[in-house]
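Numbered according to this note's numbering, the sequence shown spans residues 18 to 90.
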Amino acid sequence: MFDTTEVRAVAVDGRMYERKPDGTLAPLDDRSDWARVDAMTDEELTANAESDPDARPYTDEEWARRRAIRNPP
Numbered sequence: 018m019f020d021t022t023e024v025r026a027v028a029v030d031g032r033m034y035e036r037k038p039d040g041t042l043a044p045l046d047d048r049s050d051w052a053r054v055d056a057m058t059d060e061e062l063t064a065n066a067e068s069d070p071d072a073r074p075y076t077d078e079e080w081a082r083r084r085a086i087r088n089p090p
């Protein structure tokens, strides 16, 4: 089942920010280890993604059920 938590995030100059209910932006922490990712082969990246139950790639069925969420004007 999917988590129903919704966070409105926007990118500004390559950084991600959370849009708060009052319209202000708060920077989101980037805890990514990009050096580790850059050192991995495509096969290692795919194997890691497929073995992570919280972040595995979507199945064809899940892609078929997806829906777009548009930003308000």
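Cβ atoms here follow ideal geometry from the backbone N, Cα and C, with glycine treated the same way.
Quiz item: Can you pull the DSSP bridge partners for LEU42?
Solution: Locating residue 42 in the sequence shown gives position 25, where the first residue counts as 1. Looking at the DSSP assignment, LEU42 forms a beta bridge with ARG36.
Quiz item: Just curious, the beta strand (DSSP E) that ALA26 is in, first and last residue?
Solution: Here residue 26 corresponds to residue number 9 of the sequence shown, with the count starting at 1. Taken as a continuous stretch (DSSP letters only), the beta strand (DSSP E) holding ALA26 covers 26-29.
Quiz item: Grouping DSSP H, G and I as helix and E and B as strand, with all else coil, what is ALA66?
Solution: As a first step, residue 66 is located in the sequence shown; it is residue number 49 there, counting from the start. It is helical.
Quiz item: Are ARG84 and TYR75 touching if we call contact CB-CB under 9 Å?
Solution: Your numbering for residue 84 matches position 67 in the sequence shown. Your numbering for residue 75 matches position 58 in the sequence shown. Result no, Cβ atoms of ARG84 and TYR75 do not sit closer than 9 Å.
Practice problem: Taking 9 Å as the cut-off, decide whether the C-beta atoms of ARG36 and ASP47 are in contact. | Solution: Residue 36 sits at position 19 when you count from the first residue of the sequence shown. Residue 47 sits at position 30 when you count from the first residue of the sequence shown. No. Outside cutoff.
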